[in-house]
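First residue of the sequence shown? That's 1353 in our numbering, and the numbers climb one at a time after it.
Just below is one structure, and these are the notes that go with it.
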Amino acid sequence: MLLNCRLDLDFFDYCYVSSKGKQATKGNKQVIEENVATLKFYRNMCIIFSFICILFSFIFYGSFGAFHYVLLIVTVSIHLSSYYFMISMSKPRYTDNGVVLDSGNDLNIEGGIAEHVKDIIILTAGAQLTSLLSTYFWCLLILAPLRAFWLMWKHFIGPWLCQRSEESNQFTEKKPNKNEKKIKRVR
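Here you go:
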């Protein structure tokens, strides 16, 4: 067992013991609370980075061209669509009595689609902020479709292209049998 301690202002006031092994499942209430916190964090990230980029664009860099403003609108729309997609994914369903039927998708699960949506938000926020240094940083937005293509290749296209057909499987199954028969005849 590992002992993990978090240093607070009150000095080691919070210690917990964690063990390696099977990960505990989360209850509906915990999933809902974590989803709300995650949505709040990414909402604030979208607003702050967009506001900083818009503020610097209008105040300090009045000479930016239409290209910069179009990409600014594109990134803000990516932020909004990604954020509302995460809201729709994590929307809990309740009964008439207020009991939780479904907590919605867990936004903090590893390997889920929410992880990729959060990566898109982080990428666009980074592209917005770094574009204030140079307009060439807008090229960072190209990484999103490249990653999508790589994931599609890895999970769908590549396995589909590399799978063997039944005819080729039958041919490869017959060939060892012929070789075995030849070896038996020679002996």
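Here a beta-carbon is modelled for each residue, glycine too, at the ideal position from N, C-alpha and C.
Spatial neighbours of Ser1322 in its chain, beta-carbon cut-off 6 Å, leaving aside the 5 residues before and after: Beyond the ends of the chain as shown, which are 1353 and 1539, falls residue 1322; an answer cannot be given.
Report yes if the CB atom of Ile1406 is closer than 8 Å to the CB atom of Leu1423, and no otherwise. no
Under DSSP, the beta strand (DSSP E) around Asp1454 begins and ends at which residues? Val1452 to Asp1454
Can we say the stretch 1385-1405 touches the stretch 1431-1440, given the rule of at least three CB pairs closer than 8 Å? yes
Measuring only the C-alpha atoms, how far is Arg1537 from Lys1530? 11 Å
Separation of Pro1511 from Val1426, as counted between CA atoms: 33 Å
Check whether the stretch 1461-1472 touches the stretch 1443-1453, counting contact only when three or more Cβ pairs, one atom from each stretch, lie closer than 8 Å. no
State the CB to CB distance for the pair Asn1387 and Gly1456, rounded to an integer number of angstroms; the pair is presumed to be in contact (CB under 8 Å). 6 Å
State the Cα-Cα distance for the pair Ile1473 and Leu1513, rounded to the nearest angstrom. 32 Å
For Ile1384, collect the residues of the same chain with a Cβ closer than 6 Å to its Cβ; drop the 5 residues on either side in sequence, then sort them by chain order. Pro1444 and Ser1455
Would you please state the rounded distance, in angstroms, between the beta carbons of Leu1391 and Ser1442? I believe it to be under 8 Å. 7 Å
Please state whether the Cβ-Cβ distance between Gln1480 and Phe1401 is less than 8 Å. yes
Rounding to the nearest angstrom, what Cα-Cα distance links Ser1440 and Ala1466 in this structure? 11 Å
Segment limits, alpha helix (DSSP H) that includes Asp1381: According to the sequence provided, residue 1381 is Lys. The question's Asp does not apply to it. It spans Asn1380 to Ile1411 - the alpha helix (DSSP H) in which Lys1381 sits, taken as one unbroken run.
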